[in-house]
Amino acid sequence: MADTGEGKKEEADYKRLHSFPLIRHTDMPEEMRVEAMELCVTACEKYATNNEVLAK
Numbered sequence: 027m028a029d030t031g032e033g034k035k036e037e038a039d040y041k042r043l044h045s046f047p048l049i050r051h052t053d054m055p056e057e058m059r060v061e062a063m064e065l066c067v068t069a070c071e072k073y074a075t076n077n078e079v080l081a082k
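Below you can see the structure in the form of structure tokens.
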């Protein structure tokens with residue numbers, strides 16, 4: 027049988043890897059870019075279990 031502790035560890039590592047915004051390219055001004063990142067991070071934290079609401 028698989029050890030459930032190992033699965034939880036892998037999930038925690040995955041969440042830690044994807045806990046920050048990643049911007050590859052943008053032509054937005056710095057102030058607008060920061061505001062957009064903060065908006066997206068806030069939505070992700072608020073609606074972590076419902077991706078449909080998150081996308082709106």
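Per my numbering, the sequence shown starts with residue 27, numbered consecutively. Just so it is clear, CB atoms sit at the ideal spot from N, CA and C, and this is done for glycine as well.
Coarse secondary structure for residue i, derived from DSSP in three states
i, result
"Leu48", "coil"
"Asn76", "coil"
"Met54", "coil"
"Met27", "With a pLDDT of 47 at Met27, under the threshold of 50, the modelled position of that residue is not reliable, and the figure given next carries that caveat. Correct three-state label for Met27: coil."
"Met63", "helix"
Nearest to residue i (by Cα), restricted to the options the options
i, options, result
"Ile49", "Val79, Lys72, Met63, Asn77", "Met63"
Under 7 Å between C-beta atoms of residue i and residue j
i, j, result
"Val67", "Pro47", "yes"
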